[in-house]
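Q:
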Amino acid sequence: MKKNAVHLSSLREFVMLIILLIMVGILSLLSPAFARLNNFINIFKQTAINGILAVGMGCVILTGGFDLSVGSIVGLSGVVAALLAQGNTPIIIPILSAIGIGGVAGLLNGTLVSYLGIPAFVVTLGTQNFIRGLAYIISGGRPVFGVSRAYEQIAGMNIFGQVPLLVVYYLVIVAAFAFILQKTVYGRHIYLVGGNAEAARVSGINVKDVKLSVYMIAGLLAGIAGMLLTSRTVSGSPITGSGYELDAIAAVVIGGFSLSGGVGKWYGMLIGALVLSVLSNGLDILGVASYYQYLIKGIIMVGAVYIDVRGRARMQ
Amino acid sequence: MKKNAVHLSSLREFVMLIILLIMVGILSLLSPAFARLNNFINIFKQTAINGILAVGMGCVILTGGFDLSVGSIVGLSGVVAALLAQGNTPIIIPILSAIGIGGVAGLLNGTLVSYLGIPAFVVTLGTQNFIRGLAYIISGGRPVFGVSRAYEQIAGMNIFGQVPLLVVYYLVIVAAFAFILQKTVYGRHIYLVGGNAEAARVSGINVKDVKLSVYMIAGLLAGIAGMLLTSRTVSGSPITGSGYELDAIAAVVIGGFSLSGGVGKWYGMLIGALVLSVLSNGLDILGVASYYQYLIKGIIMVGAVYIDVRGRARMQ
Amino acid sequence: MADYLLELQGITKSFSGNRVLDDVTLRVLPGKVHALIGENGAGKSTLMKILMGIYSANAGNIVLDGQQVHIGGPRQALDLGVQMIHQELSPVLDMTIAENVFAGVEETKKCLGIFRIVDRKRMDKEAADALAQVGLHFAPAKRMRELSIAQMQMVEIAKAISRKAKLIVMDEPTSALTEKETDILFDKIRALRDKGVSIIYISHKLEEISEISDMVSILRDGRMIETRPTKGVRREYLISRMVGRELTNFYPKREVPIGEVLFEARGIGWKNRVKDVSFSLRRGEILGVAGLVGAGRSETMSALFGVLRRDAGDVYLNGRKADIKKPSQAVARGMAYITEDRKATGLNLIASIKHNITSVYLRLFTRRRLINEKNEQNAADKYIQMLKIRTESREKRVQLLSGGNQQKVAIAKWLAGDPDIVIMDEPTRGIDVGSKYDIYALMGELAARGKAIIMVSSEMPELMGMADRIMVLADSRVSGFVERKDFNQEKILGLQFV
Amino acid sequence: QTETPVFTFCISHMTNAFTVTAAEAMTAAAEAAGAKMTVVEAAQDINKQVSQIEMAVNTSDVIIIEPVSTDGVLAAVSAAMEAGVPVVIFNQAISDPSRASTFCGVSNADLGYMQMKRAIEDMGGSGSVALLLGPLGSDGQLGRSAGYKRAIDETNGAVTIAFEETANWTTEEALVLAENWLQTGIEIDAFVCQNDGMAMGAVKATEDKNLKIKCYGLDATDDALRAVKEGRLELSVSQNTEAQAQASVDSAMKLWAGEEVPSEILAEGLIIDASNVDEFLK
Ligand SMILES: Nc1ncnc2c1ncn2[C@@H]1O[C@H](COP(=O)(O)OP(=O)(O)OP(=O)(O)O)[C@@H](O)[C@H]1O
Ligand SMILES: Nc1ncnc2c1ncn2[C@@H]1O[C@H](COP(=O)(O)OP(=O)(O)OP(=O)(O)O)[C@@H](O)[C@H]1O
Ligand SMILES: [Mg+2]
Ligand SMILES: [Mg+2]
């Protein structure tokens, strides 16, 4: 009986995974090109950037926060990385700079939200503008090209023949955060803060620091995403990343996270991001006209989450 | 003593108004062109569309919801209005069609959120895509022009010599919602539902209907905004309105609304929207280079809300 | 007899396959106070929520005034003249008292002949009257957030009794009240009863049952055990029917040697709500804290623990000044604080019982710095058993537990770390007699192990039964201390009114 | 009138190489002509641009507009003209050119036609192309797509469109789309892209797959020209931004002085490929 309950309850958690698999199944039936191994690799490649952002966003949202600035951080760190990755500069310099920029931006967000008590929406909308402005100023508004071959390899290289490093980074990051969220005290504190910040504070958790830290994480991961995107597109553009924050939020929300905080599992971030890119990839491959892609995406997004919500409720 | 307390507390509510006035003061000192009467009229004209959306968004946010689809509704209703406002068609037809589209879209959002229990973020992101797709399909992806002169007059005309009708509509809408939110039972219920949905439910309030209705309101107002924008720009384009939802959210959040619902005053929506357009207008008039505008906007947005938050806390 | 006001017939209710009400029948006479008692999780609140249309029953009928009714939601119940004071308070914190009192039944007036607008003036006035009826003298425009739990409870009471009703359900209305407020409430109940209104009265305070009720029904494990007139029934009998065992000694006070001073507060102040509070606490001692609602007891505790930022005074641990400015420092120094408001500051309602229990001392459940699932489960199971938390699974969300069981989780999470100094603010709020006994026994055991306890309580018998010494607060100040040997109700009450 | 003329340049946005170059060229030309130039950008929002035009009526002698939407600005343009402030339309003609004082720009349809024409020639007159478009419904996209259609229609069906989709001017979206299309195995003989940024995305996707598919860009940005030089990009089409800007400022100066100006000054598009790229590489 008890065993059975556990069984059902874990199934319930995986409704969205099942929906994802059904989507993959249907698309495979509709198009043989979709079902090829290297297309699946493609999908993971295309998920990587948004997926990495979704991990950071997921942490922020778990605490009940919100980060609208990650797209701008991608832009700024990407531009700076591209500027520094010219010629023979050792690639560690652009890499660390991009990550550093992300970290500083995250620290700024975190401090404003956590220590000055300004609403996260306003803070990150403000820094979204601010950081985007910096990206324009530094790049002069133009894309930066001429990234070195070595730098291009960071995201471009494959290992084991077929597996792109980009995908490896992504999965490593997901694994790391699965571990952090599930196994560490810090990870648990993130959930507790999101569930009831005041209760967490009274329980001796340093709520301000936890809140600050998740913005740091989101910033750092956005810096990494910007750096990887620069490598992948062999260029850095100051407009890159605008709107990415919404994609990242969409991914985690589809993955079952609640915007009010405290609810969400690590695999939700992965599955949510994959749902979005499988949909895009599938519709592109099927050659669905772009206007209809909008319609279909809208319907499937709502439909999938509806089934998920219902499915969970049913199995209770 | 009591009088004094009321006095202070109402002052506290108006910190953002004071910030706005200070901004206006500084900009007037910096540029005589800013301080001209017709520039102030301009600012209101410029605020109208976002301001109308902010009113709808404000109602949704008061219930603890979120509406990402209003920008798309502006696009769709604008396109349809433009298509119907050709030649000698009586202008009532495009007007009602635009508003009707907004209402239907709002009803859809409201039903999905309220009766099917799908998270508002997902629903409205889905309908954002869906409705945008419809706008593309209906318009064939092209802007629609050839709008009749009569239709152009809807937003284009001035009354009392200088006052644009567009501004009049805006202020009438704000006034109507000030009345609804402050004076009617329904308005109270919006606050109660946002403040504590469970408490509202046990008090016998039909929470589902209240939630549904605010999406309707947001949709209807977005329809009106789309219709007015079409008149103002004498054309309807399927891309119009993308990103407007964020501006509307920004306006109400700057105006002191809490994204978790239940908190926010009608004048907050007005002041928040004005802060944003005064800033844009002022920086443009001063000729601040666009990249630096991003920086400045980011800083002022966060700074203003910080002062507001602090100021309120101080006066408690 | 067809002249019952209300008949709940054969009500059955399951939550995800777990049956919490099994063929329950309850009949309430008009103009009577009908008590409903039972252990935590017995199904009392659930039954009442079914009556209010908040849950729908799997089987059974509701008959009101001899007519079978369908109650699909709170609106219908309210329209039928059934009011309820909910156990889990549900105020809208950011709205005013008047707005809360009139939620859903706003008064309106005509405006410009066409619009119906809310009549704020009238509501403010009537709200003020309703508050005055229960002895509250707040401005109706005051925000709910600014009230203490007890005051909110009084507002809820004012709200329910100011409305037209033929039946009022009161689900543990006094759990956060002192005797003074309880007396006010009872006067109101009697007046209502005399006007022919029926009351269903749920409480774990059995003295109240005999004092106020005409009939009493006992619910155990979701089944109706017995309904009988209250007159002449012995408390011990009710307990044995409720709990299924005899309970004679309510306060298992253990005589333990009182040791050296462990904790000292000197001149604690916070705004004008806590003024110059000083006291010391010894190992093995249980210090009771008494006072009226709003006397500043809870705020004093919060200031000691660093939840509120003190603006005067220091605390000393083992004779040394301790730097406690925030709760994390207090926790690190072996202090624990079971807060008064479990929902706002005690529990993470959306998390499981297990995660709540391990939330404070998470490090104890780690192995090589990683959370150890097994350890967590063991701890959760241990406390579920020890405090008799009624649940199907340790993974159940705390939100879904009954009120008393939630309170037990709020206590368990602090016990899990074996703290030296335990501050308990209304620790037995909403807890049934049987479990109270267990908690008192636990306190005794802690004291015997040389721990020190501060127990804030509005229940005088509890304080007098368990404390070694009682500190009385009045108007934000310490008005006196009473030693156990001098305990006497009048004396303590007297100090409260200084 | 004041001593120095005051111009406002209302630009649709300042976020890609073309618009940035345009703004810079415009400012430089104005400075050389002794005029004060304020540049305001509308972040691709028509409502905002209309507001900016309304504002500029109060603050400037001549308004130069690079329209967000060729129809959406009409009412504002008329209002400015009625208020006695001349309007120069820059780069893209508005749908009723008679409402403004003059138009200095190019024809997007011609640029698109020119680009597609070369792609078709390179394919030997038949084959299938994949199109990466600007934001759907934007004027650049509509004009250039119209040019593509004209060139493709002329082949009487010998050239087909394998795929077309918007990449919103961005490299990364273009990269993803190109990857997905190449995945399908459907034959693609050329990627024709409405700007250079997207063309670079297509180049990257083909190179990643070790395919030799020709890619065509537009705007003649520095990096695209470098790619042309390296043989990775087939060509880019220059729309001669500096010349357009110069013509706009010249017209504005004349309008300010009350002189007559022609109703239209068109700049010619120019194909830059391996044969002439050295002349343009800085
Ligand atoms: N929504 C729900 N989902 C699942 N279980 C529930 C839900 N509501 C109540 N229960 C369970 O039903 C049982 C009865 O709860 P109820 O709140 O009626 O108890 P109670 O008699 O009021 O107890 P208390 O004295 O502690 O208030 C409890 O075991 C509780 O966990
Ligand atoms: N006279 C008052 N004026 C303003 N606020 C008051 C007043 N009395 C009480 N309060 C509010 O009530 C609370 C103080 O009560 P507190 O919880 O400290 O007292 P308590 O002795 O623990 O009583 P309770 O039984 O209500 O918990 C605070 O939230 C305070 O703001
Ligand atoms: Mg109960
Ligand atoms: Mg208290």
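Protein chains in written order, with the numbering used here: chain A, 1 to 316; chain B, 1001 to 1316; chain C, 2001 to 2498; chain D, 3001 to 3282. We treat Cβ as the ideally placed atom computed from N, Cα and C, and that holds for glycine.
For lysine 1208/B versus isoleucine 2117/C, is the C-beta distance shorter than 8 Å?
A: Within the second sequence, the letter at position 208 stands for residue 1208/B. Within the third sequence, the letter at position 117 stands for residue 2117/C. Contact: no.
Q: Can you name the start and end residues of the alpha helix (DSSP H) that valine 104/A belongs to?
A: Taking the first residue of the first sequence as position 1, residue 104/A is located at position 104. Residues 92 to 110.
Q: Run through the stretch 3199 to 3261 of chain D for me and flag every whole alpha helix (DSSP H) of 4 or more residues, listed as ranges in chain order.
A: 3222 to 3229, 3241 to 3256
Q: When DSSP labels each residue in this structure, what does threonine 124/A get in the three-state scheme?
A: Position 124 of the first sequence holds residue 124/A. Note: threonine 124/A maps to helix in three-state DSSP.
Q: Measuring only from the beta carbon, is aspartate 2171/C closer than 7 Å to any heavy atom that is part of ligand 3?
A: Working through the third sequence from its first residue, we reach residue 2171/C at position 171. Indeed, a heavy atom of ligand 3 lies less than 7 Å from the Cβ.
Q: On the DSSP bridge assignment, give the partners of aspartate 2314/C in chain order.
A: Indexing the third sequence from 1 puts residue 2314/C at position 314. Bridge partners of aspartate 2314/C: Arg2266/C.
Q: Anything in chain A within Cβ reach of threonine 2391/C, meaning under 8 Å, just list it in chain order.
A: Start at 1 with the first residue of the third sequence, and residue 2391/C comes out as number 391. Result: empty, since nearest Cβ-Cβ is about 12 Å, beyond 8 Å.
Q: Do the stretch 1139 to 1153 of chain B and the stretch 1230 to 1244 of chain B make contact, defined as three or more Cβ pairs closer than 8 Å?
A: By the C-beta criterion, the stretch 1139 to 1153 of chain B is judged to be in contact with the stretch 1230 to 1244 of chain B, since at least 3 inter-stretch pairs fall below 8 Å.
Q: Which partner residues of tyrosine 2337/C appear in the DSSP bridge assignment?
A: The residue given as residue 2337/C occupies position 337 in the third sequence. Tyrosine 2337/C pairs with Ile2423/C.
Q: When DSSP labels each residue in this structure, what does arginine 2429/C get in the three-state scheme?
A: On the third sequence, position 429 is the one that residue 2429/C refers to. DSSP, reduced to helix, strand and coil, places arginine 2429/C outside both helices and strands of the structure shown, so it counts as coil.
Q: So which residues of chain D does phenylalanine 145/A contact, with C-beta pairs closer than 9 Å?
A: For the purposes of this step, residue 145/A is identified with residue 145 of the first sequence, where counting begins at 1. In chain order: Met3200, Thr3221, Asp3222, Asp3223, Ala3224, Arg3226, Ala3227.
Q: Can you find the residues in the same chain that come closer than 7 Å, C-beta to C-beta, to serine 1231/B, ignoring five residues on each side of it along the sequence?
A: Position 231 of the second sequence, counting from 1, holds the residue named residue 1231/B. Within the same chain, Cβ atoms closer than 7 Å to the Cβ of serine 1231/B are found at Tyr1151, Glu1152, Ile1154, Ala1155, Gly1156, the five residues on either side in sequence being excluded.
Q: Residues of the stretch 198 to 216 of chain A in Cβ contact with chain E at a cutoff of 8 Å, in chain order, please.
A: Although the question refers to chain E, the structure presented lacks it and instead comprises the protein chains A, B, C and D.
Q: Cα separation between serine 3128/D and isoleucine 3161/D?
A: Locating residue 3128/D in the fourth sequence gives position 128, counting from the first residue. Locating residue 3161/D in the fourth sequence gives position 161, counting from the first residue. Roughly 5 Å between the two C-alpha positions.
Q: Just to confirm, does glutamine 2385/C get its C-beta within under 7 Å of one of the non-hydrogen atoms of ligand 1?
A: In the third sequence, counting from the first residue as 1, residue 2385/C sits at position 385. For ligand 1, no non-hydrogen atom lies closer than 7 Å to the CB of glutamine 2385/C.
Q: If I follow the unbroken alpha helix (DSSP H) through valine 2033/C, where does it start and stop?
A: Within the third sequence, the letter at position 33 stands for residue 2033/C. Here valine 2033/C belongs to no alpha helix (DSSP H); instead the beta strand (DSSP E) covers 2033 to 2038.
Q: Where does glutamate 2299/C sit, in a helix, a strand or coil, going by DSSP?
A: Working through the third sequence from its first residue, we reach residue 2299/C at position 299. Note: glutamate 2299/C maps to helix in three-state DSSP.
Q: Determine the burial state of aspartate 2323/C: buried for a count of at least 16 other Cβ atoms within 10 Å of its Cβ, exposed for fewer.
A: In the third sequence, counting from the first residue as 1, residue 2323/C sits at position 323. Exposed, since its Cβ has fewer than 16 Cβ neighbours within 10 Å.
Q: Here's the rule I'm using: 16 or more other beta-carbon atoms within 10 Å means buried, otherwise exposed. How should glutamine 2385/C be labelled?
A: Position 385 of the third sequence holds residue 2385/C. Classification for glutamine 2385/C: exposed.
Q: Name the DSSP bridge partner or partners of aspartate 3110/D?
A: Taking the fourth sequence and counting its residues from 1, the one referred to as residue 3110/D is at position 110. Its beta-bridge partners do not exist; DSSP assigns none.
Q: Tell me whether isoleucine 2062/C sits in a helix, a strand or coil according to DSSP, three-state version.
A: Reading the third sequence from its first residue, position 62 is the one you call residue 2062/C. Here isoleucine 2062/C sits in strand by DSSP.
Q: Would DSSP call asparagine 2018/C helix, strand or coil?
A: Residue mapping note: residue 2018/C aligns to position 18 of the third sequence, counting from 1. Reduced to three states, the DSSP call for asparagine 2018/C is strand.
Q: Applying the 10 Å Cβ sphere with the 16-neighbour rule, what's the burial state of aspartate 2187/C?
A: Counted from its first residue, the third sequence places residue 2187/C at position 187. Looking at its Cβ environment, which holds fewer than 16 other Cβ atoms inside 10 Å, aspartate 2187/C is exposed.
Q: Take lysine 1045/B and list the residues in its own chain whose beta-carbon comes closer than 7 Å to its own, dropping the five residues that flank it on each side.
A: Mapped onto the second sequence, residue 1045/B falls at position 45. Here the set comprises Pro1164, Leu1166, Val1167.
Q: Kindly examine ligand 3 and report whether one of its heavy atoms sits closer than 7 Å to the Cβ of glycine 1075/B.
A: Position 75 of the second sequence, counted from the start, is the residue given in the question as residue 1075/B. Because no heavy atom of ligand 3 lies under 7 Å away, the Cβ of glycine 1075/B does not count as near it: no.
Q: Taking the continuous beta strand (DSSP E) assigned at lysine 2275/C, which residues delimit it?
A: On the third sequence, residue 2275/C is found 275 positions in, with the first residue counted as 1. 2274 to 2282 is the span of the beta strand (DSSP E), which, as asked, contains lysine 2275/C.
Q: Would you mind telling me which residues of chain B sit closer than 8 Å to isoleucine 118/A, beta carbon to beta carbon, in chain order?
A: The residue labelled residue 118/A in the question sits at position 118 within the first sequence. Going along chain B in sequence order, the residues near isoleucine 118/A (Cβ under 8 Å) are Val1302, Val1305, Tyr1306, Val1309.
Q: Is there a Cβ of chain B sitting closer than 8 Å to that of glutamine 3001/D, yes or no?
A: As a working mapping, residue 3001/D is identified with position 1 in the fourth sequence. For glutamine 3001/D, the predicted structure reports a pLDDT of 47, less than 50, and the residue's modelled location is therefore unreliable. The matter cannot be settled from this model.
Q: Using a Cβ-Cβ cutoff of less than 8 Å, which residues in the same chain neighbour lysine 1297/B once the five nearest sequence positions on both sides are dropped?
A: Counted from its first residue, the second sequence places residue 1297/B at position 297. Contacts found: Leu1279, Ser1280, Leu1283.
Q: Within this structure, are the beta carbons of valine 1113/B and alanine 1120/B separated by less than 8 Å?
A: Numbered from 1 along the second sequence, position 113 holds the residue referred to as residue 1113/B. Numbered from 1 along the second sequence, position 120 holds the residue referred to as residue 1120/B. A contact, by the Cβ cut-off of 8 Å.
Q: Which whole-angstrom value is the C-beta distance of leucine 1062/B and glycine 1219/B, which I expect to be below 8 Å?
A: The sequence position of residue 1062/B within the second sequence is 62, counting from 1. The sequence position of residue 1219/B within the second sequence is 219, counting from 1. With 8 Å as the limit, leucine 1062/B and glycine 1219/B do not qualify as a contact, their Cβ atoms being about 16 Å apart.
Q: How about arginine 2310/C and serine 2476/C: do their beta carbons lie closer than 8 Å?
A: In the third sequence, residue 2310/C corresponds to position 310, counting from 1. In the third sequence, residue 2476/C corresponds to position 476, counting from 1. No, the pair does not count as a contact, with Cβ atoms beyond the cut-off.
Q: Would you kindly work out how many angstroms separate the C-alpha atoms of lysine 2253/C and tyrosine 2440/C, rounded to a whole number?
A: The residue given as residue 2253/C occupies position 253 in the third sequence. The residue given as residue 2440/C occupies position 440 in the third sequence. Their Cα atoms are separated by approximately 8 Å.
Q: Starting from arginine 1232/B, trace the alpha helix (DSSP H) in both directions and tell me its first and last residue.
A: Mapped onto the second sequence, residue 1232/B falls at position 232. Its alpha helix (DSSP H) spans residues 1207 to 1233.
Q: Restricting to runs no shorter than 3 residues, where is the beta strand (DSSP E) found entirely within the stretch 1275 to 1305 of chain B?
A: none
Q: Unbroken beta strand (DSSP E) runs of length 3 or more, entirely within the stretch 2062 to 2133 of chain C: which are they?
A: 2067 to 2069, 2082 to 2085, 2108 to 2111, 2115 to 2118
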